[in-house]
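With the first letter of the sequence shown counted as 1, position 31 gets the number 30 in numbering that gives the first Met the number 0; the numbers rise by one all the way through. Note that beta-carbon positions come from the ideal geometry of N, C-alpha and C, so glycine has one too. Here's the structure, in structure tokens; my notes come after.
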Amino acid sequence: MQHRTIVEVMTHPVVTARPDSTFKEIAQLLSDNDVTAVPVVDAEGRPVGVVSEADLLAKAASLPDPEGRPMGRRLGRDDLARAGAETAAAMMTAPVVTARPGWNVAETARTMYRSKVKRLPVVDDGGRLVGIVSRSDLLRPFLRSDGAITDEIYHDVLRETLGIPSGSVRVDVREGVVTLTGRVEERAVIPVVERLCRSVDGVVAVHQSIGYTYDAGESADEASGLRGAPRGSAPRR
């Protein structure tokens, strides 16, 4: 099984700013390149922060009203700092949270969610910027067709990885939701099938009602009772 890494979905090359880039230079970069944020990199190409539209807006909002109207609230410490900011170094959000090229989509999404950021600069082993990944980039794998997901589960998961005979497990995929039915030899295989299916790119959820022939952890009497149970279920106790 092959899982998509963020190298395959990230944007590169990346539009960047320098620590000494001015407010107007950054605003022009965002407008010219139709992006909502730019990483700020040092002389070695290592990201030291990110300046977004929100950062520029915070700076603009902290400026005095030309007609002398009150701001409506008292400025906080961050607002005051941005009010006097003239360069990216003073406006940027730092320290910067980064991702690595070999990360998979799920790992990257968890980092983005926990860090409460909308994008992650991607850095190499030397910490140099090689790309940037956004929330919309991470959603791209979910655009896979149901047919492509079905084929991967049948071929890569059931046949190649687990060696389950053809026809033992039926796979139905609708809108990325996988439903598994059928029967396998050993009960311990069922959670493995479910876990591997969940890891397939584009899968939204997995539901299964797979039966089994025996459980290696059960006694002979329990196994005998199971064989007499309805297909796809265990005997009630």
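Restricting attention to beta strand (DSSP E) runs no shorter than 3 residues, the region 144-200 encloses them at 168-173, 176-185, ordered along the chain.
With a contact defined as Cβ atoms closer than 8 angstroms, Arg45 and Gly126 qualify at about 5 angstroms. It is roughly 14 angstroms from the alpha-carbon of Thr212 to the alpha-carbon of Thr180. Closest in alpha carbon position to Val6, among Gly166, Ile25, Val104, Ser144, is Val104.
Taken through DSSP and simplified to helix, strand or coil, Arg45 comes out as coil. Minimum Cα-Cα distance from Val50 among the listed residues Ser135, Ser20, Glu43, Asp31 corresponds to Ser20.
Looking from the CA of Lys58, the closest CA among Arg143, Asp171, Thr86 belongs to Thr86.
If you ignore the 5 residues before and after Gly101, its C-beta comes within less than 7 angstroms of the C-beta of Thr4, all in its own chain and listed in chain order. Per DSSP, Asn32 has no beta bridge partner at all.
Beyond the five residues adjoining it in sequence on each side, Leu28 comes within less than 7 angstroms, by CB distance, of Val14, Ala16, Val37 in the same chain, given in chain order. Where Ser208 is concerned, the enclosing beta strand (DSSP E) starts and stops at 204-213.
Of the residues Phe22, Ile148, His2, the one whose Cα lies closest to the Cα of Ala89 is Phe22. Thr160 counts as exposed, since fewer than 16 other beta carbons sit within 10 angstroms of its beta carbon. When DSSP reads this structure, Gly130 sits in a beta bridge with Val121. Taking each of Leu157, Val129, Arg139, Gly48 in turn and checking the Cα distance to Thr92, the smallest one comes out for Gly48. Rounded to the nearest whole angstrom, the CA to CA distance from Ala187 to Ala215 is 8 angstroms.
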